[in-house]
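*Asks:* Residue numbers (our numbering): 17 to 86.
We put the beta carbon where it would ideally sit given N, CA and C, even for glycine.
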């Protein structure tokens with residue numbers, strides 16, 4: 017099993033390496049795609065937006081504590 021896990025990781029690593037070599041990175045989807053830290057910042061802001069949306073929804077969807085006591 018240990019050998020199988022190592023082989024699987026090795027296959028994924030080699031496939032990822034070759035995809036990285038042959039992928040055309042010149043195609044930009046956003047204007048700041050090549051700037052340093054763009055994707056970590058995008059991920060952080062997206063996570064922050066999801067948290068704010070969830071907190072806002074919980075305010076409107078909240079029930080009283082005695083809802084099930086009826």
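Could you name the residues of the same chain whose beta carbon sits closer than 8 Å to that of residue 50, not counting the 5 residues immediately before and after it, in chain order?
*Replies:* Within the chain shown, the letter at position 34 stands for residue 50. Result list for residue 50: 44, in chain order.
*Asks:* Would you tell me roughly how many angstroms separate the C-alpha atoms of residue 80 and residue 58, rounded to the nearest one?
*Replies:* Here residue 80 corresponds to residue number 64 of the chain shown, with the count starting at 1. Here residue 58 corresponds to residue number 42 of the chain shown, with the count starting at 1. In a straight line, the C-alpha of residue 80 is about 36 Å away from that of residue 58.
*Asks:* Reducing DSSP to helix, strand and coil, say where residue 52 ends up.
*Replies:* Here the question's residue 52 lines up with position 36 in the chain shown. In the structure shown, residue 52 adopts coil according to DSSP, grouped into three states.
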